[in-house]
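In this note's numbering, the protein residues as written are 3 to 878.
C-beta atoms are modelled at their ideal positions from N, C-alpha and C, and glycine is treated no differently.
Okay, structure first, notes after.
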């Protein structure tokens, strides 16, 4: 009987099975097979943090499949991912099998591989180990902490702050960072300042520009010239002076390449360069890691993508150096290999950096086998890894200082030239500032030749007005970088954390920058007022260090939990008697300036516009916080947060009636939000009572979109679905995005592919649609043309297994048959024997209805005849 190997995903299972052959049965756990049930009591601090675990339907199904496969096996290899979560999944699988007493006489071992290549997998199978207990305990501690914070804080939020969704140990700190940055932006006061630049000519009439750095013997500070008058006065003085070259400074500098990617830096660069979200980046990296079919051979193209390490294996470095020498030449190859160490706080360097598994698989060679996102991300990873071992770039920098005769006024000009491009030939870094201003990206500025004491001619001296800018909002890249610097959470969890903040509608991502919503700001204000320690950045970072200490066997995991719970439970106890008025006062104190911003005309922002003598305050109702008048109930003026003039009870009103968003620009019909038996929907115009066949156009509101906060533009977008995104490259067929019974989708021809919940059907673009469609097409195999009509016979996978399709005829394959060895002749035979028209149900229903009607008519006729016969008999 074959031995059994457990991995996390079916894609990985398929790849490994090809590498190891039929002597092993490789099964997927599909991630975690069990978890803490989402109810009180799953973690019990009073019982020394006893934890209850439960499997969902999918987890139980996978364990059952593993149990069946183990019959007669001698060895069980747990080959889940090589990180804390992977170790935990292996532990769960073993524990569940032990509970069922299925591991008797079976040897259980743990194997890990950092890359899914044949050599790495075979090596791992030859070097098994025991489960890493400290790593498992670190997982248990983290899971217990997250559960205790979430399931203890969230109910308090629901009771004391209606309208809020949830709180989380790391999630709440990330939200605090976003909210505090927004508060900084709101209180920011812009200041005016001026700079002065001069355009000068050398004796050879070569122009160059220099900036004033010293005026009247004093170094010029940023706000020394803070208005136009001062700037013009300075210019008048400067125009009367003659300038000459005071000094020429030349120096050579080197710029070293960045190390290969970690999880965090990959997310940052993918965001800046490829505009990919953290979730999409990790999803695409997972696909590259688990294996890509390269013309019949499935290969894992990159190493494991959840890592803090920046080091690479010696053989990988050697292969990269050989590639650099052959492709770029000796001058691009350093004399010695480069070795990197991580500077990230709490870095776990158990794994290599993210790199290509085989450097000979260049981006161009594998491009045709990859989706657009896979191609872009693989190219980024490949180039960064190769560049990390290339020679440094060399820059020639020149600084020229101009001075008047008494050296009272100084101008300075800077220039730089790339003397040797080095690693820049292949890969360029982009900082956040360079992303916003492309002109700052590695541009060379060459100054004309000049000598000291050489006179120059002043051509123009011009002032330029500036205003200081507020700190920028966090984007995904900058927030991930900040959290990593602070040591908050783990880089592998950042994508899911940012996704939760958006799903909870605490923040929105606008133009790739996070903007906190009022709901998110209220939650942050509440937590910082009553649970300040538990959303404190240093406290959260220190807790991360303790979790790392657990995995290093430096501290007992139960002690970490006890220390946390002793203080946390006391803080929870203090909120039991917390009054709503106390909550409102705290929120008003923190957010009053946000909700009642200073008016431009100097009027009181809290003055009630309805009753004149009332004041506006923050209030809490059934549906969350809103603005209300102090003269309630005499004055019933209310305003929803963030929506000027909206009614906080609108949600209740919609249960009975409707809300008009505006008028259609072409037909002048009203665009209305209505409530039906299945919830809110959008309608254009009203039904025509004289023409009942003509129905108004309606649109479903997708799951995840708040019908009460929907805008006119969004409603118009939903009514106009499906929308055309472009053409499919190979066929020219139109690609459309729309909404169906199972949610948002994209389609080309007869191929429909569901979009993820993170995709917005109104904003999804062609590249993402192509990615989703190509992924769907990968699951459809064209067996060839039907001998009769030459139309293709397709092998597809549905909810109940694999099936064949020929035009509108479908036929299921036997259970367990994936069609891998199916011939066109066999497919035709199956279609003829088992084929059913896809519209058969409707036809059958119609036929059944007709039959019923006919049967009823026959019965009535028989009954009528019998009655007549009976009447005639009585007359006789």
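In its chain, beyond the 5 residues on either side, 187, 190 have a beta carbon closer than 6 Å to the beta carbon of residue 472. In the structure shown, the three-state DSSP call for residue 209 is strand. Linking residue 512 to residue 531 through their CA atoms gives a straight-line distance of about 28 Å.
The C-beta separation of residue 403 from residue 384 comes to about 44 Å, leaving the pair out of contact by the 8 Å criterion. With contacts defined by Cβ atoms closer than 7 Å, residue 126 and residue 113 form a contacting pair. DSSP places residue 135 within a helical segment (H, G or I) once states are collapsed to three. Here residue 8 is bridged, per DSSP, to 29, 80.
In this structure, 450 is the residue among 338, 450, 377, 30 with its C-alpha nearest to the C-alpha of residue 206.
Collapsing the DSSP output to three states places residue 468 in a strand. For residue 116, the number of other beta carbons within 10 angstroms of its own is at least 16, and it is reported as buried. Here residue 749 is buried. Its C-beta has 16 or more other C-beta atoms within 10 Å. The region 250-332 contains, as complete beta strand (DSSP E) runs of 3+ residues, the segments 294-296, 299-301 (chain order). With a threshold of 16 other beta carbon atoms within 10 Å, residue 160 falls short and is exposed. Distance from residue 682 to residue 673 at the Cβ level is roughly 13 Å; contact not present, criterion being Cβ atoms closer than 8 Å. In this structure, residue 465 sits near residue 196, with a CB-CB distance shorter than 7 Å. In this structure, DSSP gives residue 36 a state outside helix and strand, which the three-state scheme calls coil. DSSP places residue 61 within a helical segment (H, G or I) once states are collapsed to three. As for any beta strand (DSSP E) of minimum length 3 sitting wholly inside the region 516-562, there is none.
Cβ-Cβ distances below 6 Å link residue 541 to 535 in the same chain, with the five nearest sequence neighbours on each side left out; the list follows chain order.
Take residue 52, set aside five residues on each side of it, and the residues of its chain with a beta-carbon closer than 6 Å to its own are 46, in chain order. Within the region 791-848, the complete beta strand (DSSP E) runs of at least 3 residues fall at 794-800, 803-808, 811-814.
Note: residue 41 is not bridge-paired with any residue in the DSSP secondary-structure output.
Below 8 Å, too few C-beta pairs join the region 259-272 and the region 407-419 to call them touching: fewer than three.
Residue 491 and residue 267 have their C-alpha atoms roughly 15 Å apart. The Cβ atoms of residue 518 and residue 390 lie no closer than 7 Å to each other. Proximity of the region 124-142 to the region 27-45 falls short of the contact definition, fewer than three beta-carbon pairs being nearer than 8 Å. By the Cβ neighbour-count rule, residue 825 is exposed, with fewer than 16 other Cβ atoms within 10 Å of its own. Checking the DSSP bridge columns, you'll see residue 111 partnered with 79. As DSSP reads the structure, residue 419 sits in a beta bridge with 398.
Residue 94 sits in a helix when the DSSP states are folded into three classes. For the alpha helix (DSSP H) assignment, the uninterrupted runs of no fewer than 4 residues enclosed by the region 116-160 are, from N- to C-terminal side, 120-128. When DSSP states are grouped into helix, strand and coil, residue 342 belongs to the coil group. Annotated three-state conformation of residue 53 is strand, per DSSP. For residue 231, the three-state secondary structure derived from DSSP is helix. 153 is the residue among 153, 103, 10 whose C-alpha sits nearest the C-alpha of residue 574. Beta-carbon to beta-carbon, residue 281 and residue 503 are separated by about 12 Å, too far to satisfy the 8 Å threshold.
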